[in-house]
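**Student:**
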Amino acid sequence: MRPRLCNSTLPRKVPRLVAILLFAAWVTGSHTAKADELYPELNAVSLQQAIKRAELLKPGREKLFQYLTIGYQYVYRCNENVLDSAQLFINKAHKLCSATGDKQGSLETDILFAAMKFMGQQNAIAEKQIHTVVAECRRQGYTRLEGVALYTHGAFLDIKERFQYYHKAVALLEKAGDKYGTAFLYKSIAELYFFQPAVKNQDAGIKTALQALEVYKTIKGHNLHYIYYRLADFCHRRSRYADAITYGLLDLNELKTATDTSDYADAYFRVADSYRLVEDTLQAFHYYKLALASARSQQNTSLIYHIAFMGAEAYVRAHLPEKALLFYLQTAKGVEPESDDEKLGSAQFLTRCYVRLQQYEKAEKHCKEMIAIDEAIDKAKPTHVRSSYHNNTAFQAGEFYLATKQLVKARFYFEKFLADDKINNVASRNAIQGHLYKIDSLEGNYLGALQHFQAAKILADTMLDEAKSRQIIAFQTLYGVQQKDLQLKLKEEEIKVLDQQNRLDQQNSKMQEDKLMQASLLAQRNSAELKLKEKSIGLLNQQTTLQQAAIRNKELQRNIIIGTAVALLLLLMLVWILFTNKRRSNRELKVQQAEISYANKSLQQLVEEKEWLLKEVHHRVKNNLQMVISLLESQSSHLHNDAFEAMQKGRNRIYTISLIHQKLYQSNELKTIDMSCFIPELVKHLKECFDAGSHICFRLDIVPMESDVAIALPLGLIINEAVTNSLKYAFKNRQTGEITILLHRCEKQQYRLVIADNGTGIPAQALQKAESMGMKLIRGLSSQIDAALTIENSDGAKITLTLENARNHDYFNS
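Heads up: the sequence shown runs through residues 361 to 1174, numbered per this note's numbering.
Right, here's the structure in full:
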């Protein structure tokens, strides 16, 4: 979990973990990505196990590490009883270092001893010990340990002294190459800049935090979550919301690789609040929702309340009071404000929303509640510790009474707000001057109205000037940094020139000595002078070459900038042309799509009309065939014997055709007949016509098959003829009988129809000659649909009809 820092001044005895954590991370001299876990906090069981393990280890650095870990645990718990235990293990560490001759280990133990004394408020002993350690570190050249000692000492001093000690410590740690310690101290100094009034300088705090970030980035594998969170917090407090958003998003990215997910809610909330303040409501609510889900999973009621409050404020800023109220009530449902300040903030917000919604009865209820809570806080707390919620009460009450035309009360609360010199909110003062201008105008006090109008104008100009000042300060800061960079570069050039001059002076000195020592050697002196001149010329040539190279570099940079600008311009033109073409193509596509859609609708309408006409034709054909059947039935009542039988056969054949047309107009498919429905209905009709009753049993096994009309009609007539013959001739002089009709798929796109009975069978003469009308009709219809027909006697008559794949591919769809 991220440590929380309050805004008030820390006491002299700082939190235990802050003072000792860095010591714990540094004493072994190995700085990993998890340096702050070198001395992990142990529970009671783990502490006892560590004690047993330490006693079993051989003397050395590992045993020392165990002793210091245990001592750290007891110092961390900080009460008189356990400090005695801490003393015990610190003494063991001292003895171990003396036995092994570990000087650095002895100094590390002394630093922990001093921290223990500071915690026990024995400051004199602690300071003496720290001074001894610092002196010894300087004598031995232990720069890093000296920095650790100064940091440990500074953690227990007053703010200004602590500030000085931290700066000394960070310089030593940076010199020693201790990256983790350097970054940690830069971060600690940045926090002092932000949260301690004695040294408060927010811009310097951000700059120092950025220094910490740069060092942390050089530590391989180190998670940057906490430093990014701090930078986001600092920039947010400094009203640099764009930077706050950038560092907040980087923080969220680092959290993806962190094992501890408890900080997600705070990180999401910080990013959402920054988006709210730059009035990017959409992004703000995206991160508010993520923060809310995380806070609820952690049951963090305080954060849930703040998300409800700030999210609703975003809606208010967008002039959406209805959505603000709904969001607040839904989010804060079941979450009650914990502190008086939160209760006061809730009452102020509800008053504000209901005033905006003109629901003055509800607004009055919350306004009275707000004033009562404020008065209770006023009695309980001194003025200098009250929160910003308290200062907002008079403003909200004044707005409520102004909206309800209670001008006297409105004036009272507005003037109460203005009377508080500690409220420096220029925007609120500007708004109140505008409200007082309205009140004076309504009361006819035009002179007072004019004064308030002028005051509001001055405050508005002040707000504008402040905004301009912030921009000017930002530009001045940037310009100052650039000037410093330029000065540093100039100094570096001067140092280089001085070095060259120094080398030349040394050469001249040597030459003069040579002249004095070798005065007799004139020729050699002339040669040395010539060489010196050649070297000077060479140096001048080098300087000229460097200057020309610098000029060429500047020209190259200028050409690159011009070329880049031209390329960007061409790219923009290309993008614009592509965009224009794309937009034109989209318009053409929309027109074409509309035309195609219209044509499709017209075709669909034609298809529907055609289907309706086909159904009507089939319906009328069926009705006509039914009329013919009725005529035949009426005519057959006057016929007997063979004529009646022939009429009955004809009527059944016509019924078969009629049933086909009935199925067609009753179904959605106008081209095919479902044979699994058609055949049973045809058989049922024949059974009724011949009064088969219960003594003739029909066994049907029909697979689902959609058949074309050109196939279904012949098959129906064949089944009609076969079943009629079986009912008439197969079961003479028999009480019972069975007729079987099978329709199966044999292979892909190949079907077999079998009609069989267990009657007397077909006479052999009839099989050979096939002179009867029924046999001729069956053979003719089979030939019409290209089917293989087999008629045989097998325990009765059996007719098999096979429709081959190659010949019947266009007829069946199943």
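We put the CB at the ideal spot given by N, CA and C, even for glycine.
Pick from Gly431, Ala791, Leu573: whose alpha carbon is nearest that of Ala815?
**Tutor:** Counting from 1 along the sequence shown, the entry for residue 815 is found at position 455. Selected option, being the one with the closest Cα: Ala791.
**Student:** Taking the beta strand (DSSP E) that Lys1158 belongs to, which residues open and close that run?
**Tutor:** Looking up residue 1158 in the sequence shown gives position 798. Element bounds for Lys1158: 1157-1163.
**Student:** Below 8 angstroms, how does it come out for the stretch 493-509 and the stretch 464-482: are there three or more Cβ pairs, yes or no?
**Tutor:** Yes, since at least three Cβ pairs between the stretch 493-509 and the stretch 464-482 fall closer than 8 angstroms, the two stretches touch.
**Student:** Give me, in chain order, the residues of the same chain whose beta-carbon lies closer than 6 angstroms to that of Ile664; leave out the 5 immediate sequence neighbours on both sides.
**Tutor:** Numbered from its first residue, the sequence shown carries residue 664 at position 304. So the qualifying residues of the chain are Ala655, Val695.
**Student:** Is it true that the stretch 1043-1050 meets the stretch 1105-1122, where meeting means three or more beta-carbon pairs spaced less than 8 angstroms apart?
**Tutor:** Taking 8 angstroms as the limit for Cβ pairs, the verdict is that the stretch 1105-1122 does not touch the stretch 1043-1050.
**Student:** Which same chain residues, not among the five before or five after Ala486, have their C-beta less than 6 angstroms away from its C-beta?
**Tutor:** If you number the sequence shown from 1, residue 486 lands on position 126. Around Ala486: Ala474, Lys477, Phe478.
**Student:** Report the partner residues of Tyr1111 according to the DSSP bridge assignment.
**Tutor:** In the sequence shown, counting from the first residue as 1, residue 1111 sits at position 751. Tyr1111 pairs with Arg1105, Leu1163.
**Student:** For the beta strand (DSSP E) that Ala1148 lies in, which residues bound it at each end?
**Tutor:** For the purposes of this step, residue 1148 is identified with residue 788 of the sequence shown, where counting begins at 1. 1147-1153 is the span of the beta strand (DSSP E), which, as asked, contains Ala1148.
**Student:** Report all residues from its chain with a CB closer than 6 angstroms to the CB of Ile1056; omit the five preceding and five following residues, and keep chain order.
**Tutor:** Residue mapping note: residue 1056 aligns to position 696 of the sequence shown, counting from 1. Cβ within range, chain order: Gly1097.
**Student:** Does the separation of the CB atoms of His795 and Leu762 fall below 7 angstroms?
**Tutor:** Locating residue 795 in the sequence shown gives position 435, where the first residue counts as 1. Locating residue 762 in the sequence shown gives position 402, where the first residue counts as 1. In contact: His795 and Leu762 (Cβ atoms closer than 7 angstroms).
**Student:** Indicate whether Ala410 and Ile430 have their beta-carbon atoms separated by less than 7 angstroms.
**Tutor:** Here residue 410 corresponds to residue number 50 of the sequence shown, with the count starting at 1. Here residue 430 corresponds to residue number 70 of the sequence shown, with the count starting at 1. In this structure, Ile430 lies closer than 7 angstroms to Ala410 by Cβ.
**Student:** Rounded to whole angstroms, what's the CA-CA distance from Phe335 to Ser406? Just pull it up for me.
**Tutor:** Because the chain is modelled from 361 through 1174, residue 335 falls outside the range shown and cannot be assessed.
**Student:** Unbroken alpha helix (DSSP H) runs of length 4 or more, entirely within the stretch 786-811: which are they?
**Tutor:** For the stretch 786-811, whole alpha helix (DSSP H) runs of length 4 or above, ordered along the chain, are 786-803.
**Student:** Taking 7 angstroms as the threshold (C-beta atoms), are His585 and Glu614 in contact?
**Tutor:** Here the question's residue 614 lines up with position 254 in the sequence shown. Here the question's residue 585 lines up with position 225 in the sequence shown. Contact flag set, yes.
**Student:** Comparing C-alpha positions only, which one of Gln571, Thr822, Phe554, Gln953 sits nearest to Thr542?
**Tutor:** What you label residue 542 is simply residue 182 of the sequence shown in a count that begins at 1. Comparing Cα-Cα distances from Thr542 to each of Gln571, Thr822, Phe554, Gln953, the minimum goes to Gln571.
**Student:** From which residue to which residue does the beta strand (DSSP E) around Ile1062 run?
**Tutor:** Taking the first residue of the sequence shown as 1, we reach residue 1062 at position 702. Note, Ile1062: beta strand (DSSP E), 1056-1062.
**Student:** Please go through the same chain and pick out, in chain order, the residues whose beta-carbon is closer than 8 angstroms to the beta-carbon of Ile1020, but skip the five residues on each side of it.
**Tutor:** For the purposes of this step, residue 1020 is taken as the residue at position 660 of the sequence shown. Taken in chain order, the residues that qualify are Ile1033, Phe1038, Val1069, Ala1072, Leu1073, Gly1076.
**Student:** For the stretch 454-498, which segments carrying the beta strand (DSSP E) assignment without a break, of at least 3 residues, lie completely within its bounds, in sequence order?
**Tutor:** With a minimum length of 3 residues, no continuous beta strand (DSSP E) run stays inside the stretch 454-498.
**Student:** For my contact list, Ala302 and Ser634 are in at a C-beta cut-off of 8 angstroms; report their separation, rounded to the angstrom.
**Tutor:** What is shown of the chain runs 361 to 1174, which leaves residue 302 out entirely.
**Student:** Name, in chain order, the residues that DSSP records as bridge partners for Lys1098.
**Tutor:** Reading the sequence shown from its first residue, position 738 is the one you call residue 1098. Correcting the residue type first, residue 1098 is Glu in the shown sequence and not Lys. DSSP lists Cys1057 as partners of Glu1098.
**Student:** What is the DSSP secondary structure of Asp734, counted as helix, strand or coil?
**Tutor:** As a position in the sequence shown, residue 734 is number 374, starting the count at 1. Asp734 falls in the helix class under three-state DSSP.
**Student:** For Gln1244 and Glu729, what's the separation of their Cα atoms in angstroms?
**Tutor:** Summary: the structure shown does not reach residue 1244, with the chain confined to residues 361 through 1174, and so no result is reported for it.
**Student:** With three or more beta-carbon pairs closer than 8 angstroms as the criterion, would you say the stretch 641-656 touches the stretch 665-684?
**Tutor:** Taking 8 angstroms as the limit for Cβ pairs, the verdict is that the stretch 665-684 does touch the stretch 641-656.
**Student:** What three-state label does DSSP hand Asp640 in the structure shown?
**Tutor:** Position 280 of the sequence shown, counted from the start, is the residue given in the question as residue 640. In the structure shown, Asp640 sits in coil (DSSP, three-state: anything other than H, G, I, E or B).
**Student:** Extract the residue ranges of the beta strand (DSSP E) inside the stretch 567-623, only unbroken runs of 3 or more that lie entirely within it.
**Tutor:** Complete beta strand (DSSP E) runs here, min 3: none at all.
**Student:** In terms of alpha-carbon separation, which member of Lys703, Gln659, Lys649 lies closest to Phe687?
**Tutor:** Position 327 of the sequence shown, counting from 1, holds the residue named residue 687. Per the Cα distances, Lys649.
**Student:** Asp538 by DSSP, collapsed to three states: which one?
**Tutor:** On the sequence shown, residue 538 is found 178 positions in, with the first residue counted as 1. Coil at Asp538, not helix or strand.
**Student:** For Ile1145 versus Ile1115, is the C-beta spacing smaller than 7 angstroms?
**Tutor:** One-based indexing of the sequence shown puts residue 1145 at position 785. One-based indexing of the sequence shown puts residue 1115 at position 755. The answer is no: Cβ separation not under 7 angstroms.
**Student:** Can the beta-carbon of Arg598 be found closer than 7 angstroms to that of Ala569?
**Tutor:** Residue numbering aside, residue 598 sits at position 238 when the sequence shown is read from its first letter. Residue numbering aside, residue 569 sits at position 209 when the sequence shown is read from its first letter. Going by C-beta atoms, Arg598 is not nearer than 7 angstroms to Ala569.
**Student:** Would you please state the rounded distance, in angstroms, between the beta carbons of Leu1113 and Leu1161? I believe it to be under 8 angstroms.
**Tutor:** Stepping through the sequence shown from its first residue, residue 1113 is reached at position 753. Stepping through the sequence shown from its first residue, residue 1161 is reached at position 801. The pair is a contact, with the Cβ atoms about 4 angstroms apart (cut-off 8 angstroms).
**Student:** Go to His513, then tell me how far its alpha helix (DSSP H) extends in each direction, as first and last residue.
**Tutor:** Here the question's residue 513 lines up with position 153 in the sequence shown. Unbroken alpha helix (DSSP H) run through His513: 503-514.
**Student:** What is the residue span of the alpha helix (DSSP H) that Leu680 lies within?
**Tutor:** Translated into the one-based positions of the sequence shown, residue 680 becomes position 320. No alpha helix (DSSP H) holds Leu680; DSSP gives it neither H nor E.
**Student:** Could you compute how far the alpha carbon of Phe1004 sits from the alpha carbon of Phe1091?
**Tutor:** Position 644 of the sequence shown holds residue 1004. Position 731 of the sequence shown holds residue 1091. Each residue's alpha carbon lies about 20 angstroms from the other.
**Student:** With 16 as the cutoff for other CB atoms within 10 Å, does Pro697 come out buried or exposed?
**Tutor:** Taking the first residue of the sequence shown as position 1, residue 697 is located at position 337. It counts as buried.
**Student:** If you draw a straight line from the alpha carbon of Lys817 to that of Leu778, how long is it in whole angstroms?
**Tutor:** Along the sequence shown, one-based indexing puts residue 817 at 457. Along the sequence shown, one-based indexing puts residue 778 at 418. Rounded to the nearest angstrom, the two C-alpha atoms are 16 angstroms apart.
**Student:** Suppose contacts are defined by Cβ-Cβ distances below 7 angstroms. Is Leu1206 in contact with Tyr525 by that definition?
**Tutor:** In this structure the chain extends from 361 to 1174, so residue 1206 is not present and cannot be described.
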